[in-house]
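**Student:** As numbered in the numbering used here, residues 1 to 171 make up the sequence shown, in order.
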Amino acid sequence: MSNRDEFSRKTKDALRLRASNLCSFRGCKRTTSGPSDESPDAVNMTGKAAHIHAAAPGGRRYLAAMTPEKRADISNGIWLCAHHADLIDRDEVTYTPDMLRAMKREHELDCDRKHRAALRGGESSLDLIAIGPDIVFCGELLGVDKIAMAFTFAEFRRRGPARPAQIHRAL
Ligand SMILES: [Zn+2]
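The structure is reproduced here in structure tokens:
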């Protein structure tokens, strides 16, 4: 029998959904699942419910004084993409429990803000986008390919000497 204090299925699902199915690592926000071609109902899952304090002795940030229940509790978990789950389990000096809890808190707050905004009708993930030094606007980056960037557009923010006419030409 394993000596790992694993999260339950219910806890893993809650961590994943509270993170909006995105990696919680600061600056990552990679999506962690998608469809698999193996079958019509197959899921390609690349996210992990990572332990803040390790699930077993010898793991990173393991805390001997912690009870097995606390170790498997949702408060000891953070939802990450596979890459960042591996990264935090190779370096407990950089990725301290406090830092991981702060990332989790920030990400859940961001998910909450975007989810509530989406329920209000739209403005789900607006960012301030700068194109060159003079053109700054509020919008959402939809995608980038070799020849074009696609944005939704919400509002111009003028900066520097640009005049509105110049902004229109540039876009
Ligand atoms: Zn990540």
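By construction, the Cβ of each residue, glycine as well, lies at the ideal position given by its N, Cα and C atoms.
#1: Does the beta-carbon of F173, which I'm using as the reference point, lie nearer than 6 Å to any heavy atom of ligand 1?
#2: Suppose you measure from the CA of S2 to the CA of D110; what does that come to, to the nearest Å?
#3: Could you name the residues of the same chain whose beta carbon sits closer than 7 Å to that of D174, not counting the 5 residues immediately before and after it, in chain order?
#4: At the level of alpha carbons, what is the spacing between P164 and R18?
#5: Please give the ranges of any alpha helix (DSSP H) in the region 5-86, keeping only runs that are unbroken, at least 4 residues long and fully inside the region.
#6: Looking at H173 and ligand 1, is the gap between the Cβ and the nearest heavy atom below 6 Å?
#7: What residue from F7, D37, P133 has the CA that sits closest to K50's CA?
#8: By the three-class DSSP mapping on this structure, what secondary structure does G110 have?
**Tutor:** Let's see:
#1: Since the first residue of the chain shown is 1 and the last is 171, residue 173 is not available in this structure.
#2: 35 Å
#3: Nothing can be reported for residue 174, as the shown portion of the chain is limited to 1 through 171.
#4: Model confidence at P164 stands at a pLDDT of 47, short of 50, so the residue's coordinates are unreliable and nothing is read from them.
#5: 9-18, 68-71
#6: Coverage of the chain is limited to positions 1 through 171, which leaves residue 173 absent and any answer about it impossible.
#7: First, the amino acid is wrong: residue 50 is Ala here, not Lys. Comparing Cα positions, the closest option is F7.
#8: First, the residue type needs correcting, since residue 110 is Asp and not Gly in the sequence shown. The answer is helix: DSSP assigns D110 an H, G or I state.
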